[in-house]
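Read left to right, the sequence shown gives residues 1 to 130 (the UniProt record's numbering). Just so you know, even glycine gets a beta-carbon here, dropped at the ideal spot from N, CA and C. It should be emphasised that the depicted structure is a prediction, and the values quoted were computed from it without experimental measurement.
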Amino acid sequence: MDSLLERQRGTLPDTFGARPMALAEGRMTMELTIAPWMMAPNGFLHAATQVMLADTCAGYATLAHLPEGAKGFTTLELKSNFLGTAKQGILHVEAVAEHLGRTTQVWSATLFDDKGRRLSLFRCSQIVLW
């Protein structure tokens with residue numbers, strides 16, 4: 001986890017205070033503390049905050065699951081479905097591998113609040129760079 005925190009220093013996830021929590025085979029979890037500046041003009045958590053955390057979690061998981069010899073990856077496609085929102089507390093995400101191939105990976109992520117309420121569903125496709 002320390003290497004991921006070092007890697008994100010000075011980047012968007014660092015600005016948001018995204019914290020890697022656990023990495024295992026085919027899955028990863030992260031969290032961030034919701035702050036007032038993350039709100040949309042309507043007073044609720046901005047959708048981009050949820051997308052940023054899910055995309056970061058899936059990206060770190062992709063990085064950890066790259067095939068031997070791969071040089072990196074980039075996002076090919078992403079999609080989010082929003083089910084709820086929050087105004088405070090901790091935003092949690094768990095990314096789970098759907099496909100770990102030689103040229104592509106597909107990850108699904110679920111974001112939820114401190115009460116375990118699902119806030120959004122996220123899916124991304126990553127292309128492996130050789």
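- With fewer than 16 other CB atoms across the displayed protein chains lying within 10 angstroms of its CB, Phe44 is exposed.
- Per DSSP, reduced to three states, the secondary structure at Gln88 is coil, with no helix or strand assignment.
- Between the alpha carbons of Arg9 and Leu53 lies a gap of roughly 15 Å.
- For the pair Ala58 and Gly17, the Cα-to-Cα distance works out to about 16 Å.
- A check of alpha carbon separations from Asp114 across Asp2, Ile127, Thr33 identifies Thr33 as the nearest.
- Excluding five sequence positions before and after Gly72, the CB atoms of its chain that fall closer than 7 Å to its own CB belong to Leu129, given in chain order.
- For Gly89, the CB contacts under 7 Å within the same chain, skipping 5 residues up- and downstream, are Ile34, Asp113, Asp114 in chain order.
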